[in-house]
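The opening position of the sequence shown corresponds to residue 2 in the working numbering, with each subsequent residue numbered one higher. For glycine and all other residues, C-beta sits at the position ideal for the given N, C-alpha and C.
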Amino acid sequence: ILTFLTGHDTTASAICWTLYNLARHPHYQEKCRQEVMELMQGRDGHEIQWEDLSSLPFTTMCIKESLRLHSPVQAVTRKYTQDVALPGDLTVPQGVICLVSLYGTHHNPEVWTNPHEFDPLRFEPTSAQSRSSHDFIPFSSGPRNCIGQKFAMAELRVVVALTLLRFRLTPGVDPEAGSGSGKVRRLPQLVLRAEGGLWLQLEALNESSLGEPENK
């Protein structure tokens with residue numbers, strides 16, 4: 002039951018942060034939307050098939066950058082099954098439990114340039130090849146990484162893609178706070194549960210407002 006609930010909660014967090022980051026960076030949002038529109042061009046419905054997921058490379062890059070900045074899981078632990086020698090004549094003895102900080106790894110300036118900035122271009126294939134496989138570990142790493150990693154990434158791409166196809170995202174405000182004039186704007190908003198409260202406004206798009214995909 003814990004694994005079932007954890008999988009839903011972490012994926013929901015990743016979706017919310019991805020949408021929030023795209024709302025704050027409209028040029029990246031529009032590039033993702035154009036990518037989805039090109040994929041869905043000529044189709045009657047708005048269904049994304051499994052084989053479509055590889056046709057969303059930039060959307061995937063934005064999702065990965067959001068996972069780097071806001072990993073749903075902040076740390077993982079591993080228990081040493083044998084003594085391990087470290088530089089400086091240090092040894093980690095067998096039986097010790099080590100905590101690996103995913104947040105610290107993903108925000109380490111020695112690993113990531115300007116680590117607190119949202120930059121999906123970090124995950125271009127050419128850039129990814131130059132990094133260690135352990136630099137980006139939102140699903141942990143090694144033989145005991147998250148067993149739902151592929152499903153989670155598929156779910157993220159489908160939800161983000163279909164959301165962008167239907168809505169334009171912009172940063173919102175707390176509807177209970179008002180605008181200073183005594184009036185409260187009642188807008189459709191999604192709450193991201195973080196310290197201080199983060200708000201996201203969704204503007205519904207119709208087929209005509211989307212227009213035709215740009216030719217590249």
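Residue i lies in the alpha helix (DSSP H); which residues open and close that run?
i: residue 33; result: 27–41
Relative to the C-alpha of residue i, which residue among the options is closest?
i: residue 154; options: 27, 25, 34, 55; result: 55
i: residue 80; options: 73, 63, 99, 108; result: 99
i: residue 104; options: 27, 66, 26, 167; result: 66
i: residue 162; options: 205, 18, 87, 33; result: 33
i: residue 138; options: 206, 74, 57, 16; result: 74
i: residue 47; options: 169, 203, 160; result: 160
i: residue 58; options: 158, 87, 119, 18; result: 158
i: residue 136; options: 144, 207, 102; result: 102
i: residue 28; options: 16, 90, 44, 60; result: 60
i: residue 26; options: 97, 150, 119; result: 119
i: residue 78; options: 97, 127, 86, 152; result: 97
Between which residues of its own chain and residue i is the CB-CB distance below 6 Å, once the five residues before and five after are set aside?
i: residue 146; result: 140
i: residue 62; result: 121, 124
i: residue 196; result: Note that residue 196 has pLDDT 47, beneath the 50 cutoff, so the model's placement of it is unreliable and the number below is only indicative. Excluding positions up to five away in sequence, the list is empty.
i: residue 18; result: 67, 71
i: residue 14; result: 73
Tell me where the beta strand (DSSP E) around residue i begins and ends.
i: residue 202; result: 199–205
i: residue 102; result: 98–102
i: residue 171; result: 168–172
i: residue 87; result: 85–87
i: residue 61; result: Not the beta strand (DSSP E): residue 61 falls in the alpha helix (DSSP H), residues 58–70.
i: residue 127; result: Here residue 127 belongs to no beta strand (DSSP E); instead the alpha helix (DSSP H) covers 126–129.
i: residue 122; result: Segment: none, residue 122 is in no beta strand (DSSP E) and carries neither H nor E.
i: residue 91; result: 91–93
According to DSSP, what are the bridge partners of residue i?
i: residue 79; result: 99
i: residue 161; result: Answer is none; residue 161 lacks a bridge partner.
i: residue 139; result: 141
Take the Cβ of residue i as the centre, count every other Cβ of all protein chains shown within 10 Å, and call the residue buried at 16 or more, exposed below.
i: residue 24; result: buried
i: residue 173; result: buried
i: residue 113; result: buried
i: residue 201; result: buried
i: residue 107; result: buried
i: residue 204; result: exposed
i: residue 84; result: exposed
i: residue 36; result: buried
i: residue 11; result: buried
i: residue 148; result: exposed
i: residue 91; result: exposed
Considering only residues of the same chain and omitting the five flanking positions on each side of residue i, which have a CB-CB separation below 7 Å?
i: residue 182; result: Confidence at residue 182 is low in this model, with a pLDDT of 44, below 50, so its placement is unreliable and the value that follows should be read with caution. So no residue of the chain qualifies.
i: residue 82; result: 95
i: residue 110; result: 116
Could you pull out every residue in the same chain whose Cβ sits closer than 8 Å to the Cβ of residue i, ignoring the five residues on either side in sequence?
i: residue 184; result: Caution is warranted here: a pLDDT of 45 is assigned to residue 184, below 50, making its placement in the model unreliable, and the coordinate value is therefore given only provisionally. Nothing listed; no residue qualifies.
i: residue 30; result: 23, 24, 165, 169, 170
i: residue 51; result: 155
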